[in-house]
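Engineer: What follows is a structure written as structure tokens; I'll ask about it next.
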Amino acid sequence: MAGIYVHVPFCKQKCTYCDFASYSREIGKAEAYFACLLKEIDSRALELKEKTFNTIYLGGGTPSFVKAEFIGATINRIKKVFSVTSDAEITIEINPGTLDEQKLAIYKAVGINRFSIGLQSAYDERLCSLNRIHTAEQFLYACSLLKGENISVDVMIGLKDQKIEEVKATIDLAIKGGANHISVYALTPEEGTPMFTTYLNGELPSEDETTELYDFARDYLSTLGFERYEVSNFAKKGFYSKHNLNYWRRGEYIGLGVAASSCIDDRRFTNTEKIDEYVHCLLNDKYAEIFSELIEGDEIKNEYIMLAMRTSEGIILSDYTKNFGSDFLIDYKREISDNQKYLDVCDYSVKIKDDYLYVQNQIIINFMKD
Amino acid sequence: MSKTPKNNVRNFCIVAHIDHGKSTLADRIIEMTGQVSQRDMENQILDSMDLERERGITIKLTPVTMYYKAKNGEEYKFNLIDTPGHVDFSYEVSRSLAACEGAILIVDSTQGVEAQTLANCYLALDNDLEIMPVLNKIDLASSRCDEVAKEIEDIIGLDASDAPRISAKNGINIEDVLEAIVNKIPAPVGDDDAPLKALIFDSYYDNFKGVICFVRIKDGKVKVGDRIRTYISDKQFDVTEVGVFSPHLQPRECLYSGDVGYIAASIKSIEDTNVGDTITLVNNPAPEPLPGYKKALPVVFSGVYPLDGSKFNDLKEALLKLKLNDAALSFEPDNSMALGFGFRRGFLGLLHMEIIQQRLEREFDLDIITTTPGVSYHVYKTGGEMILVNNPSKLPDPSEIEHIEEPVIKASIFTPPDYIGPIMELCKEKRGEMITMDYIDARRVCLQYKLPLNEIIFDFFDSLKSRTRGYASLDYELSGYQTSELVKLDMYLNGDICDALSVIVHKEKAYARGRAIAEKLKDVIPRQMFEIPVQAAVGGKIIARETVKALRKDVLAKCYGGDITRKKKLLEKQKEGKKKMRKLGSVEIPSEAFMSILKIDSDN
């Protein structure tokens, strides 16, 4: 099974930490963009007609910011030309400040069944300083519209002067809104964002302080019945994100739209970040790929391990064997023994011990071949 | 080209304090005599190694032969011998001075006479050279030629009233210098028909010709086909090529007394051509060699280990190749419990060490670990036997030691009087004993100190500069050994002793230094999966402890979708970084850690 990712590069205003391909002054190009997106969908579907897809994910930007009709048309077209399973997980990212009943009606009508809400913080002053366009109140309103739906909420940690109380309040608010899946992301200051200046000024918490917040979130979510199934993702049983799990199992996916990445038949490729370039290419019956790389040999294993080790399941031995035709315990005998202190090894899987999941890079790099 | 009459030959060098414009003046002289076309002129042409140009210092000596048509209508042959400007290389300087009849003494007219000006000037006087002062940097607003001319007279006792006043940088009054060379520096004396005496003042290894000896012919002549022998190494060779420097090698038929040039004789080892040695003819030997030969003695020692233990042979090859070019470098195999097989190297000084270090990394692309530099101790054992110890891990058990002697230096520090206080304080911290303090004039004092060498090889020079806002300058010479209360300071990482980090220190400084090293190591050792105690110990007793806390967060953020390629690159980079680390027991240490403890300011 494979996944489909659709990128919607529009937003009302840019958050201070955001370095994704998202543009706050380009909404006028939405019509042209979605027209080209449909072209890309048709064309990719032809190439991939042998493959079956069980997840669709609309990310951004703010997919809920653009006209719902664009979203509806996109999903409908995907379902029409790709082979999408009837029980597919279809997720849309929502900014609470942009959702209304009419939009939601269209989303539901085309089969969207999972709503990933960017909350980030329960504190309005924080939301304001991050240049978010919504309040905690608006979050609850959006949740009230989504009542009974499958809701995921994003929570940020590692923000300036952030205390455990804020993380707790945010998780509490997410629960109140009905979340059954919560992602806890540590802020990564990216160059070129306003947040980077804050970082350079030394105003962000240290890694140890961020780890305190993370540990709190992990423990607190555990008491609330959320399992950590990946280093940053927590969910109630049965609510794991299939789309993301596909990434971590190194499954195949096709990315559509600007800045979208794909991995098909071990070829990784990425589209341009620029809307104009994307539109130009598609209008000229070309893809807008700016990067393409065939992953071969040990590189495939490196990727597989780097991704799988993020999950609490770790390397599932049978899945490894299915992918590579050999036994993980034999292929990595030395690495496993060198790192045994940090690993749980059983008949079924090899995974990083809970306590070391947050320092996993140190372990993963020992498994990567040159 | 016909042979220039001896009367029209001038052999000279340029001596100066560092940065007073020596290489720049050399460039101008070469340019003015048309030796190198403007087009080929690269600034500081004599500093041919990249490293030299980068650091603005001269390491290897590079002579050059030029022709100058003087105002009196005659053509003169100039042999300019460039000299290294750093105290580490003072022996090399003295030998190249011995190849000359005169020296241009450049003094920065904004700075005046500095320690090295004096030191080099005395060296030149020792070699009976005619010294010709030149005042440089007259283009600068802060130039004060009259005062500095008086200073030269007062301090050195040279008449500087008619010294050329120039700007080497801007090419002002360079001709005055050329004329002064003709008029003031004596022509060489020597007898073409006497037995050959050629002074080796430098040499380097050429892949095709073997060792190229830079020589000054004092007496006699030498040509291709002559069978020659060296005095010190007592080896015989057949001359394959002789010539001059333009500044590249330019073969000639014969070199005569008074000439400066080179001899190639398919010599395989640079150790056969010691600087200061004399070359003569086998069938008509000179009865005795030229005076003044000294073997270059290493004074600073440090270990070098390949980061990757399997590269030991590459390191050995690289050292052998460097040795071809650098007779002052010595090394012998060594091994460390912590670092495996490597070498213990001896250097003329810290600068020399740094240069070798960088050349190993740049020219041979080796990842190496250098251990803390130290000096060579005379250790007297209870049985009366004396052993030389230049590797802390080889120091015998304290119970077997009767006493230890450490090398001391005589340091001459020149400073404006304002900084006497801070300098005395610094020297006291460094266990110095004052010998004398002389007021040279109202603005300049010379402090002479006896200091243990191992105190100054660390950060003495930097501290001196920072405490005197750059005004003080330093020159030193080794002056023997003295008994001292020394102990071995050991470092433990995660409970295991790390012999490569051991140092020999004075007993009273062990605590402070142990603490400082532990603190420094705590900062340079990256956090790892577990807590790492860093301990300093003397004679098994722990005197300081720091802790490298366990790593708590090392994870790629938001790893999904398109990020994967970029995130994978991040991990690969992290893996590369790990390769640059050396594993000691279970602890990974970056190679810089070994050197970083050098940079500990002893004040903290």
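As they're listed, the protein sequences go chains L and E. Once you know that position 201 of the first sequence is 201 in the numbering used here, the rest is easy, because the numbers rise by one and skip nothing. Count along the second sequence from 1, add 1000, and you get the number used in the numbering used here. For each residue, glycine too, the CB sits at the ideal point set by N, CA and C.
Shortest alpha-carbon distance to residue 237 of chain L belongs to which of L:252, L:221, L:247 and L:248?
Structural biologist: For the purposes of this step, residue 237 of chain L is taken as the residue at position 237 of the first sequence. When each option's Cα is compared against that of residue 237 of chain L, the closest is L:221.
Engineer: Can you give me the C-alpha to C-alpha distance between residue 1037 of chain E and residue 1024 of chain E, rounded to a whole angstrom?
Structural biologist: What you label residue 1037 of chain E is simply residue 37 of the second sequence in a count that begins at 1. What you label residue 1024 of chain E is simply residue 24 of the second sequence in a count that begins at 1. Annotation note: pLDDT 47 at residue 1037 of chain E (below 50); position unreliable, coordinate value reported separately. Those two C-alpha atoms are separated by around 16 Å.
Engineer: Tell me, please, which residues DSSP counts as bridged to residue 1223 of chain E.
Structural biologist: Here residue 1223 of chain E is taken as the residue at index 223 of the second sequence, counted from 1. Its beta-bridge partners are E:1254.
Engineer: Can you give the Cα-Cα distance for residue 1005 of chain E and residue 1355 of chain E, rounded to whole angstroms?
Structural biologist: Here residue 1005 of chain E corresponds to residue number 5 of the second sequence, with the count starting at 1. Here residue 1355 of chain E corresponds to residue number 355 of the second sequence, with the count starting at 1. Straight-line Cα distance between these residues: approximately 41 Å.
Engineer: Ignore the nearest five residues each way along the sequence and tell me which others in residue 190 of chain L's own chain have a CB closer than 6 Å to its CB.
Structural biologist: Residue 190 of chain L sits at position 190 when you count from the first residue of the first sequence. If we look at residue 190 of chain L and ignore the five residues flanking it on each side, its Cβ neighbours are 19.
Engineer: Compute the distance between the beta-carbons of residue 1493 of chain E and residue 1525 of chain E, then report whether it is under 9 Å.
Structural biologist: Here residue 1493 of chain E corresponds to residue number 493 of the second sequence, with the count starting at 1. Here residue 1525 of chain E corresponds to residue number 525 of the second sequence, with the count starting at 1. Yes. Within cutoff.
Engineer: Using a Cβ cut-off of 8 Å, which residues of the stretch 345 to 362 of chain L contact any Cβ in chain E, in chain order?
Structural biologist: 356, 357, 358, 359, 360, 361 and 362
Engineer: Measuring straight from C-alpha to C-alpha, what distance separates residue 1541 of chain E and residue 1452 of chain E?
Structural biologist: Along the second sequence, read from residue 1 onward, the residue named residue 1541 of chain E stands at position 541. Along the second sequence, read from residue 1 onward, the residue named residue 1452 of chain E stands at position 452. Each residue's Cα considered, the two are about 26 Å apart.
Engineer: Does residue 1443 of chain E pass the burial test, meaning 16 or more other C-beta atoms within 10 Å, or should it be called exposed?
Structural biologist: Position 443 of the second sequence, counted from the start, is the residue given in the question as residue 1443 of chain E. The residue in question, residue 1443 of chain E, is exposed, as its Cβ has fewer than 16 Cβ neighbours within 10 Å.
Engineer: Among residues of its own chain, excluding the 5 on either side of residue 1042 of chain E, which ones have a beta-carbon nearer than 8 Å to its beta-carbon?
Structural biologist: Taking the second sequence and counting its residues from 1, one reaches residue 1042 of chain E at position 42. For residue 1042 of chain E, the pLDDT reaches just 49, beneath the cut-off of 50, and the residue's location in the model is therefore unreliable, although a value from the coordinates is still provided. Answer for residue 1042 of chain E: no residue qualifies.
Engineer: For residue 1097 of chain E versus residue 1213 of chain E, is the C-beta distance shorter than 9 Å?
Structural biologist: Counting from 1 along the second sequence, the entry for residue 1097 of chain E is found at position 97. Counting from 1 along the second sequence, the entry for residue 1213 of chain E is found at position 213. It is not a contact, given that the beta carbons lie outside the stated cut-off.
Engineer: Should residue 1346 of chain E and residue 1298 of chain E be called a contact, given that it needs their Cβ atoms to be closer than 9 Å?
Structural biologist: Within the second sequence, residue 1346 of chain E is the residue found at index 346, counting from 1. Within the second sequence, residue 1298 of chain E is the residue found at index 298, counting from 1. Contact: yes.
Engineer: Please determine whether the Cβ atom of residue 1319 of chain E lies at a distance below 8 Å from any heavy atom of the ligand ATP.
Structural biologist: Annotation note on the ligand ATP: not contained in the displayed structure, which lists no ligands.
Engineer: What first and last residue would you give for the beta strand (DSSP E) that runs through residue 292 of chain L?
Structural biologist: Against the first sequence, residue 292 of chain L aligns to sequence position 292. Judged by DSSP secondary structure, residue 292 of chain L falls within the beta strand (DSSP E) whose first and last residues are 289 to 294.
Engineer: Between the stretch 175 to 207 of chain L and chain E, which residues of the former have a C-beta closer than 7 Å to a C-beta of the latter?
Structural biologist: Residues of the stretch 175 to 207 of chain L with a C-beta atom less than 7 Å from some C-beta of chain E are 185, 186, 188 and 207, listed in chain order.
Engineer: Which residues bound the alpha helix (DSSP H) around residue 162 of chain L?
Structural biologist: The residue given as residue 162 of chain L occupies position 162 in the first sequence. Per DSSP, residue 162 of chain L is not a residue of any alpha helix (DSSP H), being assigned neither H nor E.
Engineer: For the candidate residues E:1163, E:1380 and E:1583, whose alpha-carbon lies nearest to that of residue 1401 of chain E?
Structural biologist: Counted from its first residue, the second sequence places residue 1401 of chain E at position 401. Selected option, being the one with the closest Cα: E:1380.
Engineer: Output needed for residue 1148 of chain E: all residues of its chain with C-beta closer than 7 Å, excluding positions within five of it in sequence on either side, in chain order.
Structural biologist: Here residue 1148 of chain E refers to the residue found at position 148 of the second sequence. Once the five neighbours on either side are set aside, the close Cβ partners of residue 1148 of chain E are 1107, 1109, 1112 and 1135.
Engineer: Short of 7 Å in beta carbon distance, which residues of its chain neighbour residue 275 of chain L, apart from the five on each side in sequence? Order them along the chain.
Structural biologist: Counting from one through the first sequence, the residue named residue 275 of chain L turns up at place 275. The residues are 9, 23, 26, 29, 33 and 258.
Engineer: Could you pull the start and end residues of the alpha helix (DSSP H) that residue 48 of chain L belongs to?
Structural biologist: Walking along the first sequence from the start, residue 48 of chain L turns up at place 48. Counting along the chain, residue 48 of chain L falls outside any alpha helix (DSSP H), and DSSP gives it neither H nor E.
Engineer: Taking Cβ positions, are residue 1610 of chain E and residue 1208 of chain E nearer each other than 9 Å?
Structural biologist: Residue 1610 of chain E falls outside the range modelled here, since chain E spans only 1001 to 1604, and no answer is possible.
Engineer: Just list the alpha helix (DSSP H) runs in the stretch 1094 to 1135 of chain E, keeping only unbroken ones of 4 residues or longer that don't cross its boundaries, in chain order.
Structural biologist: Taking only runs of at least 4 residues, the alpha helix (DSSP H) segments lying wholly in the stretch 1094 to 1135 of chain E are 1115 to 1126.
Engineer: Among E:1438, E:1471, E:1178 and E:1563, which has the Cα closest to the Cα of residue 1418 of chain E?
Structural biologist: Here residue 1418 of chain E is taken as the residue at index 418 of the second sequence, counted from 1. Put simply, of E:1438, E:1471, E:1178 and E:1563 the residue whose alpha carbon is nearest the alpha carbon of residue 1418 of chain E is E:1471.
Engineer: Looking at C-beta atoms only, is the number of pairs between the stretch 342 to 355 of chain L and the stretch 1218 to 1231 of chain E that lie closer than 8 Å three or more?
Structural biologist: Taking 8 Å as the limit for Cβ pairs, the verdict is that the stretch 1218 to 1231 of chain E does not touch the stretch 342 to 355 of chain L.
Engineer: For the pair the stretch 1382 to 1399 of chain E and the stretch 1511 to 1531 of chain E, tell me if three or more CB-CB distances fall below 8 Å.
Structural biologist: By the C-beta criterion, the stretch 1382 to 1399 of chain E is judged not to be in contact with the stretch 1511 to 1531 of chain E, since fewer than 3 inter-stretch pairs fall below 8 Å.
Engineer: Please state whether the Cβ-Cβ distance between residue 1081 of chain E and residue 1011 of chain E is less than 9 Å.
Structural biologist: In the second sequence, the residue the question calls residue 1081 of chain E occupies position 81. In the second sequence, the residue the question calls residue 1011 of chain E occupies position 11. For residue 1081 of chain E and residue 1011 of chain E, yes; Cβs fall inside 9 Å.
Engineer: Mark residue 1283 of chain E as exposed unless 16 or more other C-beta atoms lie within 10 angstroms of its C-beta, in which case mark it buried.
Structural biologist: Locating residue 1283 of chain E in the second sequence gives position 283, where the first residue counts as 1. Per the 10 Å Cβ criterion, exposed.
Engineer: Find out if the Cβ-Cβ distance for the pair residue 255 of chain L, residue 270 of chain L is shorter than 9 Å.
Structural biologist: Reading the first sequence from its first residue, position 255 is the one you call residue 255 of chain L. Reading the first sequence from its first residue, position 270 is the one you call residue 270 of chain L. Against a cut-off of 9 Å, the Cβ pair of residue 270 of chain L and residue 255 of chain L comes out as a contact.
Engineer: Report yes or no: is there a C-beta of chain E within less than 9 Å of the C-beta of residue 364 of chain L?
Structural biologist: Start at 1 with the first residue of the first sequence, and residue 364 of chain L comes out as number 364. Taking Cβ atoms only, chain E reaches closer than 9 Å to residue 364 of chain L, which makes this a yes.
Engineer: Tell me whether the stretch 279 to 296 of chain L and the stretch 74 to 94 of chain L touch, counting them as touching only if at least three CB pairs, one residue from each stretch, are closer than 8 Å.
Structural biologist: no
Engineer: Residues of chain E with CB under 7 Å from residue 310 of chain L, in chain order?
Structural biologist: Residue 310 of chain L sits at position 310 when you count from the first residue of the first sequence. Residues of chain E passing the Cβ test: 1559.
Engineer: Give the straight-line distance between the Cα atoms of residue 1288 of chain E and residue 1193 of chain E, rounded to the nearest whole angstrom.
Structural biologist: On the second sequence, position 288 is the one that residue 1288 of chain E refers to. On the second sequence, position 193 is the one that residue 1193 of chain E refers to. Each residue's Cα considered, the two are about 16 Å apart.
Engineer: How would you call residue 1360 of chain E, buried or exposed, if buried means at least 16 neighbouring beta carbons within 10 angstroms?
Structural biologist: Taking the first residue of the second sequence as 1, we reach residue 1360 of chain E at position 360. By the neighbour-count criterion, in which a residue is buried when 16 or more other Cβ atoms sit within 10 angstroms of its Cβ, residue 1360 of chain E is buried.
Engineer: Helix, strand or coil for residue 1390 of chain E? Go by DSSP, reduced to three states.
Structural biologist: Here residue 1390 of chain E refers to the residue found at position 390 when the second sequence is read from its first residue. It is coil, neither helix nor strand.
Engineer: Quick check on residue 1367 of chain E - is its C-beta less than 9 Å from some C-beta in chain L?
Structural biologist: Numbered from 1 along the second sequence, position 367 holds the residue referred to as residue 1367 of chain E. Not an interface residue.
Engineer: Using the beta-carbon count (16 or more within 10 Å), is residue 1083 of chain E buried or exposed?
Structural biologist: In the second sequence, the residue the question calls residue 1083 of chain E occupies position 83. Under this definition residue 1083 of chain E is a buried residue.
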